[in-house]
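Since the structure comes first, as C-alpha coordinates, the remarks are kept for the end.
In the numbering used here, the protein residues as written are 259 to 418.
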(Lines of atoms letter the chains of each structure in order from A; the text may use other names.)
(Lines give C-alpha, C1' and ligand atoms only; values in the text may rest on other atoms or scores of the structure.)
Protein backbone atom coordinates (compact mmCIF):
# COMPACT_ATOMS: atom_id res chain seq x y z
CA UNK A 259 0.00 0.00 0.00
CA UNK A 260 1.35 3.42 -0.94
CA UNK A 261 1.36 6.15 1.65
CA UNK A 262 -0.68 8.43 -0.61
CA UNK A 263 -3.61 5.96 -0.93
CA UNK A 264 -5.46 7.03 2.23
CA UNK A 265 -5.52 10.63 0.93
CA UNK A 266 -7.17 9.68 -2.37
CA UNK A 267 -10.74 9.31 -1.05
CA UNK A 268 -10.57 12.75 0.56
CA UNK A 269 -9.29 14.44 -2.61
CA UNK A 270 -11.62 12.84 -5.10
CA UNK A 271 -14.85 14.11 -3.50
CA UNK A 272 -13.45 17.63 -3.40
CA UNK A 273 -12.36 17.41 -7.02
CA UNK A 274 -15.81 16.14 -7.97
CA UNK A 275 -17.43 18.94 -5.97
CA UNK A 276 -15.23 21.45 -7.78
CA UNK A 277 -16.24 20.01 -11.13
CA UNK A 278 -19.91 20.20 -10.21
CA UNK A 279 -19.58 23.83 -9.14
CA UNK A 280 -17.48 24.88 -12.14
CA UNK A 281 -19.81 23.01 -14.52
CA UNK A 282 -23.10 24.28 -13.15
CA UNK A 283 -21.98 27.87 -12.57
CA UNK A 284 -19.94 27.99 -15.77
CA UNK A 285 -22.74 26.75 -18.00
CA UNK A 286 -25.18 29.09 -16.25
CA UNK A 287 -22.91 32.08 -16.81
CA UNK A 288 -22.27 31.11 -20.42
CA UNK A 289 -25.99 30.78 -21.17
CA UNK A 290 -26.71 34.03 -19.33
CA UNK A 291 -24.02 35.83 -21.30
CA UNK A 292 -25.17 34.45 -24.66
CA UNK A 293 -28.83 35.20 -23.88
CA UNK A 294 -28.47 38.52 -22.07
CA UNK A 295 -31.53 40.77 -21.87
CA UNK A 296 -31.51 43.43 -24.53
CA UNK A 297 -33.73 46.15 -25.97
CA UNK A 298 -36.60 43.68 -26.50
CA UNK A 299 -36.71 42.86 -22.79
CA UNK A 300 -36.29 46.49 -21.76
CA UNK A 301 -39.33 47.44 -23.87
CA UNK A 302 -41.60 44.89 -22.18
CA UNK A 303 -44.11 46.00 -19.58
CA UNK A 304 -43.15 44.57 -16.20
CA UNK A 305 -44.95 44.20 -12.88
CA UNK A 306 -44.13 46.56 -10.01
CA UNK A 307 -42.29 43.77 -8.16
CA UNK A 308 -39.80 43.29 -11.00
CA UNK A 309 -36.33 43.48 -9.42
CA UNK A 310 -33.51 45.47 -11.01
CA UNK A 311 -31.57 43.56 -13.67
CA UNK A 312 -28.31 43.60 -11.67
CA UNK A 313 -29.81 41.35 -8.97
CA UNK A 314 -30.22 38.29 -11.20
CA UNK A 315 -26.52 37.44 -11.76
CA UNK A 316 -25.49 37.33 -8.09
CA UNK A 317 -28.65 35.52 -7.00
CA UNK A 318 -28.32 32.91 -9.74
CA UNK A 319 -24.62 32.44 -8.98
CA UNK A 320 -25.35 31.62 -5.34
CA UNK A 321 -28.25 29.37 -6.32
CA UNK A 322 -26.12 27.58 -8.92
CA UNK A 323 -23.51 26.84 -6.24
CA UNK A 324 -26.24 25.40 -3.98
CA UNK A 325 -27.62 23.33 -6.88
CA UNK A 326 -24.12 22.03 -7.64
CA UNK A 327 -23.49 21.04 -4.02
CA UNK A 328 -26.84 19.24 -3.85
CA UNK A 329 -26.12 17.39 -7.09
CA UNK A 330 -22.65 16.46 -5.89
CA UNK A 331 -24.04 15.12 -2.62
CA UNK A 332 -26.43 12.81 -4.49
CA UNK A 333 -23.81 11.85 -7.07
CA UNK A 334 -21.38 10.72 -4.35
CA UNK A 335 -23.74 8.03 -3.09
CA UNK A 336 -26.13 7.32 -5.96
CA UNK A 337 -24.67 8.46 -9.31
CA UNK A 338 -27.03 6.37 -11.45
CA UNK A 339 -30.14 6.88 -9.34
CA UNK A 340 -33.52 8.27 -10.33
CA UNK A 341 -32.81 11.18 -7.99
CA UNK A 342 -29.62 12.01 -9.89
CA UNK A 343 -31.66 11.79 -13.10
CA UNK A 344 -34.19 14.28 -11.71
CA UNK A 345 -31.29 16.56 -10.79
CA UNK A 346 -29.92 16.34 -14.34
CA UNK A 347 -33.27 16.93 -16.05
CA UNK A 348 -34.06 19.94 -13.87
CA UNK A 349 -30.67 21.39 -14.86
CA UNK A 350 -31.61 21.04 -18.53
CA UNK A 351 -34.88 22.88 -17.92
CA UNK A 352 -33.04 25.49 -15.86
CA UNK A 353 -30.55 26.14 -18.62
CA UNK A 354 -33.29 26.10 -21.28
CA UNK A 355 -35.38 28.86 -19.73
CA UNK A 356 -33.01 31.77 -20.42
CA UNK A 357 -32.59 31.21 -24.18
CA UNK A 358 -36.30 30.44 -24.60
CA UNK A 359 -37.25 33.69 -22.85
CA UNK A 360 -34.52 36.10 -23.95
CA UNK A 361 -33.13 34.72 -27.24
CA UNK A 362 -36.28 33.19 -28.73
CA UNK A 363 -38.49 35.82 -27.04
CA UNK A 364 -41.12 33.19 -26.32
CA UNK A 365 -42.61 34.39 -23.04
CA UNK A 366 -45.38 31.79 -22.80
CA UNK A 367 -43.10 28.92 -23.83
CA UNK A 368 -40.62 30.10 -21.18
CA UNK A 369 -43.45 30.05 -18.66
CA UNK A 370 -44.16 26.42 -19.56
CA UNK A 371 -40.45 25.64 -19.10
CA UNK A 372 -40.36 27.30 -15.68
CA UNK A 373 -43.52 25.52 -14.52
CA UNK A 374 -41.93 22.19 -15.41
CA UNK A 375 -38.68 23.30 -13.80
CA UNK A 376 -40.51 24.17 -10.58
CA UNK A 377 -42.21 20.76 -10.59
CA UNK A 378 -38.84 19.04 -11.04
CA UNK A 379 -37.29 21.08 -8.24
CA UNK A 380 -40.13 20.06 -5.92
CA UNK A 381 -39.79 16.43 -6.98
CA UNK A 382 -36.07 16.60 -6.21
CA UNK A 383 -36.73 18.09 -2.76
CA UNK A 384 -39.37 15.48 -1.91
CA UNK A 385 -37.30 12.53 -3.15
CA UNK A 386 -34.08 13.81 -1.58
CA UNK A 387 -35.69 14.52 1.80
CA UNK A 388 -35.12 10.98 3.10
CA UNK A 389 -32.09 10.16 0.95
CA UNK A 390 -30.03 13.28 1.78
CA UNK A 391 -31.81 15.94 3.81
CA UNK A 392 -29.00 18.45 3.23
CA UNK A 393 -29.37 18.13 -0.57
CA UNK A 394 -33.11 18.74 -0.18
CA UNK A 395 -32.51 21.77 2.04
CA UNK A 396 -29.99 23.20 -0.42
CA UNK A 397 -32.79 23.22 -3.02
CA UNK A 398 -35.22 25.27 -0.87
CA UNK A 399 -33.82 28.72 -1.86
CA UNK A 400 -33.82 27.49 -5.46
CA UNK A 401 -37.48 26.49 -5.20
CA UNK A 402 -38.37 29.88 -3.75
CA UNK A 403 -36.45 31.73 -6.48
CA UNK A 404 -37.94 29.62 -9.29
CA UNK A 405 -41.43 30.23 -7.86
CA UNK A 406 -40.73 33.98 -7.85
CA UNK A 407 -39.24 33.83 -11.36
CA UNK A 408 -42.29 31.89 -12.53
CA UNK A 409 -44.61 34.55 -11.12
CA UNK A 410 -42.50 37.23 -12.77
CA UNK A 411 -42.55 35.34 -16.09
CA UNK A 412 -46.34 34.91 -15.91
CA UNK A 413 -46.84 38.57 -15.03
CA UNK A 414 -44.71 39.70 -17.98
CA UNK A 415 -46.58 37.31 -20.28
CA UNK A 416 -49.96 38.67 -19.18
CA UNK A 417 -48.84 42.30 -19.41
CA UNK A 418 -47.45 41.86 -22.90
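No residue lacks a Cβ here, since even glycine has one placed at the ideal position from N, Cα and C.
A residue is called buried when at least 16 other Cβ atoms come within 10 angstroms of its Cβ; residue 349 meets this threshold and is buried.
Residue 331 sits in a helix when the DSSP states are folded into three classes. Shown here for residue 415: same chain residues with a beta carbon closer than 7 Å to its own, the five before and five after excluded, namely 365, 366 and 369 in chain order.
Contact check for residue 326 against residue 360 fails: the beta carbons are separated by 8 Å or more. Runs of alpha helix (DSSP H) with 4 or more residues, each lying fully within the segment 380–407, are found at 391–396, listed in chain order.
The shortest CA-to-CA distance from residue 371 to any of 275, 281 and 412 is the one to 412.
DSSP places residue 363 in the coil class of the three-state scheme, outside both helix and strand. Below 8 Å, enough C-beta pairs join the segment 313–323 and the segment 280–292 to call them touching: three or more.
Here residue 341 is buried. Its C-beta has 16 or more other C-beta atoms within 10 Å.
The DSSP assignment places 297–301 as complete runs of the alpha helix (DSSP H) inside the segment 286–324, in order along the chain (cut-off: 4 residues).
Inter-residue distance for residue 290 and residue 281 is about 14 Å (C-alpha atoms, whole angstroms).
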